Amino acid sequence: MWRKPAGDGQTLPPGLVERWKAEQAELRAKMVVAPLPDVPRYVAGADAAFVNPGDGPEGGAGRVVACALVYDRVERRAVEVAHAVRPLEVPYVPTFLSFREGPAVAEAIRKLTHPFGVVCFDGQGYAHPRRCGLAVHLGVTLDVPAIGCGKSRLIGTYDELGDQPGDTSALMHAGEQVGLVLRTKVRTNPVFVSVGHRVDLPSAVRVLQACLTKYRIPEPTRLADIEVAKVKKRVLAGVA
DNA sequence: GCGACAG
DNA sequence: ATCTTGTCGC
Numbered sequence: 011m012w013r014k015p016a017g018d019g020q021t022l023p024p025g026l027v028e029r030w031k032a033e034q035a036e037l038r039a040k041m042v043v044a045p046l047p048d049v050p051r052y053v054a055g056a057d058a059a060f061v062n063p064g065d066g067p068e069g070g071a072g073r074v075v076a077c078a079l080v081y082d083r084v085e086r087r088a089v090e091v092a093h094a095v096r097p098l099e100v101p102y103v104p105t106f107l108s109f110r111e112g113p114a115v116a117e118a119i120r121k122l123t124h125p126f127g128v129v130c131f132d133g134q135g136y137a138h139p140r141r142c143g144l145a146v147h148l149g150v151t152l153d154v155p156a157i158g159c160g161k162s163r164l165i166g167t168y169d170e171l172g173d174q175p176g177d178t179s180a181l182m183h184a185g186e187q188v189g190l191v192l193r194t195k196v197r198t199n200p201v202f203v204s205v206g207h208r209v210d211l212p213s214a215v216r217v218l219q220a221c222l223t224k225y226r227i228p229e230p231t232r233l234a235d236i237e238v239a240k241v242k243k244r245v246l247a248g249v250a
């Protein structure tokens, strides 16, 4: 006996996708691309995790756990950490990631009190079908400089790049460069960098390279990933 | 029409 | 992203 594909394949409210597309178009229109004067000392990072992902809309038990932090490049450590937990409203639909984890991530970022020059997101920015990935969506919404740094590709094509840290390849889509594929570590898959808001690609790449240590992912994002895992454990343990 | 598809 | 232990490698 066959079954409908478990996990996704869920029926979304009629017209929701169209409304989402319209919202992405509006946000995309407000995006600003400009170089950053200098690589800021304080770079924020954010990430999200899920509790009972499958229970999405119906189950009611699904939760989105988000964490945002401010990383000090000089002391190489986080100087502030904030988090947020919100109910999981929608399933994951490719190209609409922002609507699933965006609200929680935005709430966590808004809780930060320590100043920062730019936020690094775990996902695409301009390298999106409608040029409105997570980094553009939240960067514009919060009107804060933002960079998209994904661990895998959403759209675009690129020529194979060199195997040395710092080697790059242009990420192309529909005849334009939407981002840069960057090798951050030897014998490791590259990351996908793209503009979010109030930055340009060269600035974004400089910021990321200034935030790299011994890992593939820039420190702000890596530390946020570690923090969000801790918060998730506390949520699972029922700690308030 | 047939894949691909951030986290 | 999440389901999941140990294990091969630097």
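Quick note: the first sequence uses the numbering used here, first residue 11, plus one each step. Cβ atoms here follow ideal geometry from the backbone N, Cα and C, with glycine treated the same way. In this text the structure is predicted, and so the values were computed from the model without any measurement.
With respect to the C-alpha of P139, the residue from A156, T167 and R120 having the closest C-alpha is T167.
Fewer than three pairs of CB atoms, one per stretch, sit closer than 8 Å, so the stretch 231-240 makes no contact with the stretch 171-184. Within the model, the alpha-carbon separation for T151 versus P101 is close to 21 Å.
Following the DSSP letters along the chain, one finds V129 inside the beta strand (DSSP E) bounded by residues V128 to F131. Shown here, D235 sits in a helix according to DSSP, grouped into three states. Fewer than three Cβ pairs drawn from the stretch 39-49 and the stretch 106-117 lie within less than 8 Å of each other, which leaves the two stretches out of contact. Apart from sequence neighbours up to five positions away, the residues of its chain that approach L144 with a beta-carbon distance below 6 Å are L107, S108, F131 and G133, ordered along the chain.
Take A94, set aside five residues on each side of it, and the residues of its chain with a beta-carbon closer than 6 Å to its own are A76, A114, E117 and A118, in chain order. Counting along the chain, the unbroken beta strand (DSSP E) around T178 starts and ends at T178 to H183. For T167, the three-state secondary structure derived from DSSP is strand. For S204, the uninterrupted beta strand (DSSP E) segment begins and ends at V201 to H207. When DSSP states are grouped into helix, strand and coil, R86 belongs to the coil group. DSSP places E186 in the uninterrupted beta strand (DSSP E) bounded by E186 to L192. Shortest Cα-Cα distance from K121 to any of L148, E90 and V146 involves E90. Inter-residue distance for Q34 and E85 is about 37 Å (C-alpha atoms, whole angstroms). Look at the stretch 16-70 and you find these whole runs of alpha helix (DSSP H), each 4 residues long or longer: 26-40. Taking C-alpha positions only, G127 is separated from P23 by approximately 38 Å.
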